[in-house]
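Accompanying notes for the structure given below.
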Amino acid sequence: MMSDQMTRRRFLRNAGLGAGSALMLAACQPMAAEQAGDDGGAAPAAEPVSIISMTWGRAEMMEDVAAAFVESNDGAIAVENQTLGWGDYWTKLNTLYASGSPPDSAWTHTAWVRPHAVLGAIEDLNPRIDASPEFPDDWYESVWGLFTFEGGQYGTSWDVGVQGIWFNRTLYEAAGLTGPGVGSTYADLLEASLALTTDRAGNHPQDDGFSRREVAIWGMSNMVDNWVNEIRPQAVAWGTDVFNEDETECIVNSEATVEFLNWYLDAIQTHHVHPSADLIEGLGNLFISGSSALISTFPGIIDQFDGSFEWEISPYPMGGESGAHTLNVGGSAFSIPAESPHPEEAWEWLEYNASEEAHRIWASTGIINARRSTSKYVLEMLDVPDTFVEFYMDRIDEFGVPVWQHKNRAQINTALTAAFELVWLGDRTVEDAANAVKAEVDELLADA
24 MMSDQMTRRR FLRNAGLGAG SALMLAACQP MAAEQAGDDG GAAPAAEPVS
74 IISMTWGRAE MMEDVAAAFV ESNDGAIAVE NQTLGWGDYW TKLNTLYASG
124 SPPDSAWTHT AWVRPHAVLG AIEDLNPRID ASPEFPDDWY ESVWGLFTFE
174 GGQYGTSWDV GVQGIWFNRT LYEAAGLTGP GVGSTYADLL EASLALTTDR
224 AGNHPQDDGF SRREVAIWGM SNMVDNWVNE IRPQAVAWGT DVFNEDETEC
274 IVNSEATVEF LNWYLDAIQT HHVHPSADLI EGLGNLFISG SSALISTFPG
324 IIDQFDGSFE WEISPYPMGG ESGAHTLNVG GSAFSIPAES PHPEEAWEWL
374 EYNASEEAHR IWASTGIINA RRSTSKYVLE MLDVPDTFVE FYMDRIDEFG
424 VPVWQHKNRA QINTALTAAF ELVWLGDRTV EDAANAVKAE VDELLADA
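Residue 452 in this note's numbering sits at position 429 of the sequence shown, with consecutive numbering throughout.
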């Protein structure tokens, strides 16, 4: 149950929703079934229970999983999947939490699990896990830990979302290069990018006559698009961070972080191996088109490849004097709302979705499962290089940096992005942007 101190109105305010939207969405919920009267006779056979599970995607797959679950429990528990788009999902779910009429089960995400845990909107699942001796224990630690908060476990993981470096091996080999890997540094990345970047006349950035507005191949691209998923894990690779350890202060203006950010500013504006946004506007993803040799991205990009080049995976290089390889690790999970109408049946649903049987179905849609023993099921349908298996499966916990979480993560990412927009265009210094945005981010951090 929600804390007595957490009123419905306060929850709506903290979730960024208005009371009007709560009433509108609550009105869409089905009326509770009337209780059968006690006629004093023999107890009737238990009626099948139908639970509601909310998700933000993969509707067809979830129907397949639900059908398999119903078969596994002989029809005792049915599942009604309600699938919405990402934005609508969180608007409706937060409204349902605030109105006290949540679904039986709901997907959760690193963007929301901590706020919901703090507000008492979702269960700590540890008591259920402890009482279920057959519940799996071979989860990737860095993924499972995304949903651990102050000793509680607020979700059971269902996927792995790893972000690191993807590079065009075809371009690297044509240039006589081996590509980044374990042991690579940012100095190595710059050296390779200078060799790979060429304009339409065949000139490299260090050549006379090179035109940065006529580049045919960029050494790298899209490395500083997102502060949470790309810039922050690379800062950690430099031995620094964007936030202090207890997440109460933005340290983007610290000496080490400024050094790291200036490396990228130089890569864009001095060495011309990474495009600024104005040079590639409207050109789409340069890596997919073969116009960039290296990118920071997630596995979802695989579906867009046309087979015109070979690619490989690498963790982020080591930077600075105290750097270490990193990968950004994210994921999603199942949760049980604290006011779930059928929490016991919802737990059986969560248990099933942690099973090998369910993970076979999940993997058939291209999902990397969050258990070590089932993560490679997806390889039956994916043609990927050995480095994909090495870094996005076998060594996740070795290099993984859990994606940064905070109630105001989206607003903080937006503030940092806006502050540095002119930096990457060459019209503002790193130091000026970092000093200017620090106070704004610190205020958002304080609203924990």
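Backbone N, C-alpha and C define an ideal beta-carbon position, used for all residues, glycine too.
What you are looking at is a predicted structure, and each value in this text was computed from that prediction instead of being measured.
Simplified DSSP state of S95, which is helix, strand or coil: helix
Spatially closest choice to T179 from C273, Y195, D161, by CA coordinates: D161
CA-to-CA distance, F443 to N285, given in whole angstroms: 11 Å
The region 399 to 419 in contact with the region 317 to 333 per 3-pair CB rule at 8 Å: yes
Cβ pair count under 8 Å reaching 3, the region 155 to 173 against the region 388 to 395: yes
Pairwise C-alpha distance: A361 and W189: 40 Å
Backbone CA spacing between N149 and E367 [nearest angstrom]: 14 Å
Proximity below 8 Å, CB of H227 to CB of A239: no
Pair within 8 Å by beta-carbon distance, P126 and A99: no
Extent of the continuous alpha helix (DSSP H) to which S165 belongs: 164 to 167
Residues of its chain near W250, where Cβ-Cβ distance is below 7 Å and the 5 sequence neighbours each way are ignored: V265, N436, L439, T440
For N96 and E371, believed in contact at Cβ under 8 Å, the rounded distance: 7 Å
Three-state secondary structure (DSSP) of A381: helix
Beta carbon of Y209 nearer than 8 Å to that of G307: no
Among A198, A224, A260, T193, nearest to G313 - alpha-carbon criterion: T193
Spatially closest choice to G174 from G108, V141, N351, V424, by CA coordinates: V141
Proximity winner among I303, I318, E304, relative to F310 (alpha-carbon distances): I318
Whole-Å CB distance - A369 paired with I384, under 8 Å assumed: Not really, about 19 Å apart at Cβ, beyond 8 Å.
For S73 and G389, the rounded distance between their alpha carbons: 28 Å
When H297, D182, F170 are compared against T221, the one with the closest alpha-carbon: H297
Bridge partners - V275, DSSP secondary structure assignment: Looking at the DSSP assignment, V275 forms no beta bridge with any residue, so it has no partner.
Proximity test, Cβ basis, 8 Å: V453 and chain B: Although the question refers to chain B, the structure presented lacks it and comprises just one protein chain.
Own chain, CB closer than 7 Å to D465, minus 5 neighbours either side, in chain order: E272, C273
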